[in-house]
Amino acid sequence: MSVLVYTESEKGKFKKSAFEVASYAYKVAQDLGTSVTAVAFNANDEASLGNYGVSKVLKISNDQLGTFNAKAYADALTQAAEAEGAKVIILSSSADTKFLAPILTAKLSAGYVPNVVAAPDSTSPFVVKRTAFSNKGFAHTEISSDIKIIGVSNNAYGVMENNVSAAVEDFNPSLGDADFTTKSIEVDKVAGKVSIADADIVVSGGRGLKGPENWGMIEELADVLGAATACSKPVSDLGWRPHGEHVGQTGKPVASNLYIAIGISGAIQHLAGVSSSKTKVVINNDPEAPFFKAADYGIVGDAFEVVPKLIEKLKEFKAQNA
Amino acid sequence: MAIFETINLKVPMKILVCISNVPDTTSKINFTDGDTKFDTNGVQFVINPNDEFGLTRAMWFKEKQGATVHVATVGGAQTEPTIRKALAIGADEAIRVNAEPTDGFFVAKQLAEVVKNGEYDLVIAGRESIDYNGGMVPGILATLLDMNFVNTCIGLEVDGNTATALREIDGGKEKLSTSLPLVIGGQKGLVQESDLRIPNMRGIMMARQKALNVVEPVEASQPTQDQKFEKPAPKGPVKLVDADNVGELVNLLHNEAKVI
Ligand SMILES: Cc1cc2nc3c(=O)[nH]c(=O)nc-3n(C[C@H](O)[C@H](O)[C@H](O)COP(=O)(O)OP(=O)(O)OC[C@H]3O[C@@H](n4cnc5c(N)ncnc54)[C@H](O)[C@@H]3O)c2cc1C
Ligand SMILES: Nc1ncnc2c1ncn2[C@@H]1O[C@H](COP(=O)(O)O)[C@@H](O)[C@H]1O
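Protein chains in written order, with the working numbering: chain A, 1 to 322; chain B, 323 to 582.
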């Protein structure tokens, strides 16, 4: 009857979102008077999940699952849910999780609500708050099925420490050829670069930057801040930046702590995708740019003058606070 | 029988594109009936952008590989202009399941019935609808039908029964090999923005002659229900920092916002 949580890792190391979903699961388990069981695939340091309220870890060590495979992972999670008799399953909002969640939903005949931004409104009936209409609104959604799956938005609930001692058990799901009918051939990822989904800070450039040759300062700013780089839609459509960097309603959503928009006007489709970010900064030479209405801090000025100064000030700040 | 195994009989694919009818991206969002319903007043409805990329890719399969392309939506009669637009862009036939799409599982069950009856080899759906953003219909559909599934698909090639798909992952891309029957959750990348087609007069005229079959829904449960909606709290005014005093921004981000 425990609350099950899927804790994602990369190269054996838990992602920050794993601790966030574990924290969320602990809250739900408290409300339901039960405990949290985590499922970890090929991760190291499983016991560290105890810091975030996990009492039991089902440790899967399986080379076949070395590369993420949605169908096989969903099957393994289904078996774990069944073994634990779990009625509530907590997931993150990563691209991988959003790939496996609907498969898991169908396998368990569950009710699934993604993009959840807060602890449940209530657990009886089970109601959660989620974003809808591309962040232009929220819905309070009841899940009435026996098994409930919740996808927690990144950075929405936060990482909470709750120290319990985590018992680690080996778990060996039985997998067959049918789980591997879709195979990964090649993963193309820039090593050492923070992804938009995992970043605490995102630095984003728009058409105001005039051309791809001017992205050096954007990358330098991102570098100083340990941030991911992003861009507006026309910038990717023009081929100035890779499509994977396009954020907004039809691109990637951004839910970072800090979002810095440089030379971006703030069209409704752009704002819809980035509004979940906690603090928004805009740098634009047009004081009438709509982004100023959606931002927390702003500088009216020429990006080509402001950004180099900002980089310099941040370097000084870092040197002082190092 | 051996002879048949050596001949690669390439039967043209049958493709179903799932279309969700959504508010235009510029829509202002409001709620009515004590915040229990989306206010459609003055809202323009369009083909979900992710589905438009999928439909355009389907047109490529039609023109280059002789595929047949049908479109399906689960929705009331008010969705018909949107499906007509898909027919005007070039789909051969349309199916409308006459039910309100209030829950992703319910919608997937309805589409599963359509796919079973139509024996489609490839189902192109979108990564998510931009209204309720469930991002769940394609994956549930694939699993209900035991079809392969690739989500956040940004590239797709089909050769006979094998498919090569490109998927967007956090921080990069992944290339996958799979086989038909297949469902994808697609997005921009399947085709580029500049490949999208605006229906021309001839297309619109031809669409009037094409079949738009209305079918009644099958019995299915609805595990989730939206109880109430809410708009984000209004935002306070922006704090402006002088362009000559950039250090102040660093100070505010550190001491006030506490994000650096
Ligand atoms: C169906 C649909 C979906 C869409 N989805 C998205 C989406 O997901 N994401 C998205 O971003 N857009 C999306 N758009 C596009 C959106 O409507 C805008 O066209 C786009 O966001 C504008 O990008 P931009 O701000 O970079 O460019 P512009 O609107 O051209 O703005 C450039 C800004 O830079 C400023 N500027 C110019 N020079 C300087 C300088 N030297 N220093 C500082 N500032 C300067 C200008 O004042 C201006 O505000 C979508 C549109 C449609 C129709
Ligand atoms: N009512 C619907 N009718 C047909 N297809 C739909 C419907 N709702 C969702 N879909 C398809 O499923 C995709 C993902 O939608 P969703 O799960 O609602 O975010 C959409 O891009 C469509 O391709």
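C-beta: ideal position from N, C-alpha, C; glycine also.
Along chain A, in chain order, which residues have C-beta atoms closer than 7 Å to that of residue i?
i: P371 (chain B); result: T250
i: G448 (chain B); result: Within 7 Å Cβ-Cβ: nothing; G448 (chain B) doesn't reach chain A, min ~10 Å.
i: K557 (chain B); result: A294
In whole angstroms, give me the CA-to-CA distance for residue i and residue j.
i: D357 (chain B); j: G388 (chain B); result: 47 Å
i: D198 (chain A); j: K280 (chain A); result: 17 Å
i: F427 (chain B); j: S543 (chain B); result: 8 Å
i: T250 (chain A); j: A167 (chain A); result: 42 Å
i: A86 (chain A); j: E402 (chain B); result: 42 Å
i: S144 (chain A); j: D425 (chain B); result: 12 Å
i: F375 (chain B); j: L77 (chain A); result: 32 Å
i: K407 (chain B); j: L467 (chain B); result: 28 Å
i: E84 (chain A); j: V368 (chain B); result: 44 Å
i: T404 (chain B); j: G508 (chain B); result: 19 Å
i: V377 (chain A); j: P545 (chain B); result: In the structure as shown, chain A starts at 1 and stops at 322, and residue 377 (chain A) therefore has no counterpart that could be examined.
i: V513 (chain B); j: A487 (chain B); result: 13 Å
i: G477 (chain B); j: D566 (chain B); result: 46 Å
i: Q547 (chain B); j: N455 (chain B); result: 14 Å
i: L575 (chain B); j: V568 (chain B); result: 11 Å
i: A29 (chain A); j: K98 (chain A); result: 23 Å
i: T105 (chain A); j: S174 (chain A); result: 19 Å
i: K309 (chain A); j: L258 (chain A); result: 19 Å
Using the beta-carbon of each residue, which ones in chain A are nearer than 9 Å to residue i?
i: L562 (chain B); result: P287, F292, Y297, G298, I299 and V300
i: D355 (chain B); result: Those within 9 Å of D355 (chain B) in chain A number zero; the least Cβ separation is about 14 Å.
i: V472 (chain B); result: A70, F99 and T182
For residue i, verify whether its CB is less than 8 Å away from any heavy atom of ligand 2.
i: Q433 (chain B); result: The sequence given here places Leu at residue 433 (chain B); Gln does not occur at that position. Flag set: Cβ of L433 (chain B) near ligand 2.
i: D346 (chain B); result: no
i: N135 (chain A); result: no
i: C340 (chain B); result: yes
i: Y442 (chain B); result: no
i: A447 (chain B); result: yes
i: M469 (chain B); result: no
i: G511 (chain B); result: no
i: E84 (chain A); result: no
i: D296 (chain A); result: no
Residue i: beta carbon under 8 Å from a heavy atom of ligand 1?
i: T181 (chain A); result: no
i: A289 (chain A); result: yes
i: S265 (chain A); result: yes
i: A234 (chain A); result: As written in the sequence, residue 234 (chain A) is Pro, which differs from the Ala given in the question. For ligand 1, at least one heavy atom lies less than 8 Å from the Cβ of P234 (chain A).
i: Q269 (chain A); result: yes
i: H246 (chain A); result: yes
i: T250 (chain A); result: yes
i: A255 (chain A); result: no
i: G216 (chain A); result: no
If we count the other Cβ atoms within 10 Å of its Cβ and call it buried at 16 or more, is residue i buried or exposed?
i: G239 (chain A); result: exposed
i: R418 (chain B); result: buried
i: A178 (chain A); result: exposed
i: M527 (chain B); result: exposed
i: M381 (chain B); result: buried
i: M217 (chain A); result: buried
i: S165 (chain A); result: exposed
i: P327 (chain A); result: Given a span of 1 to 322 for chain A in the structure shown, any question on residue 327 (chain A) remains unanswerable.
Counting only Cβ pairs nearer than 8 Å, list the residues of chain A close to residue i.
i: L571 (chain B); result: V281, Y297, I299, L310 and K313
i: Y454 (chain B); result: A132, F133 and A139
i: A408 (chain B); result: Neighbours of A408 (chain B) on chain A: none; closest Cβ ~18 Å, over 8 Å.
i: Q366 (chain B); result: The contacting residues do not exist; Q366 (chain B) stays about 13 Å from chain A at best.
Beta carbon of residue i, beta carbon of residue j: below 9 Å?
i: N420 (chain B); j: G398 (chain B); result: yes
i: E555 (chain B); j: D296 (chain A); result: Checking the sequence, you will find Ala at residue 555 (chain B) rather than Glu. No.
i: S342 (chain B); j: G448 (chain B); result: yes
i: I147 (chain A); j: A110 (chain A); result: yes
i: D237 (chain A); j: T123 (chain A); result: no
i: P400 (chain B); j: P539 (chain B); result: The residue you asked about is not Pro; residue 400 (chain B) is Gln in the sequence shown. Not closer than 9 Å, so no.
i: N154 (chain A); j: N51 (chain A); result: no
i: A43 (chain A); j: K136 (chain A); result: no
i: L502 (chain B); j: A464 (chain B); result: no
If the cut is a Cβ gap below 7 Å, which residues of chain B does residue i touch?
i: Q269 (chain A); result: T347
Chain B partners of residue i, CB-CB under 9 Å?
i: N163 (chain A); result: The premise fails here: N163 (chain A) is roughly 25 Å from chain B at the closest Cβ pair, so nothing lies under 9 Å.
i: L225 (chain A); result: I582
i: P120 (chain A); result: Under the 9 Å cutoff, chain B gives no residues; its nearest Cβ is about 12 Å from P120 (chain A).
i: Y112 (chain A); result: G426, F427, G456, M458, I462, P545 and T546
Please compile the residues from chain B whose C-beta is within a distance smaller than 8 Å of the C-beta of residue i.
i: G208 (chain A); result: Neighbours of G208 (chain A) on chain B: none; closest Cβ ~14 Å, over 8 Å.
i: I262 (chain A); result: Near I262 (chain A) there are no residues of chain B at all, since even the closest Cβ is about 12 Å away, more than 8 Å.
Can you find a heavy atom of ligand 3 that lies under 8 Å from the Cβ of residue i?
i: T395 (chain B); result: Because ligand 3 does not appear in the structure shown, any question about it cannot be addressed here, the ligands present being ligand 1 and ligand 2.
In chain order, what residues of the stretch 497–520 of chain B put their CB closer than 9 Å to some CB of chain D?
In the displayed structure, chain D is absent; the protein chains listed are A and B.
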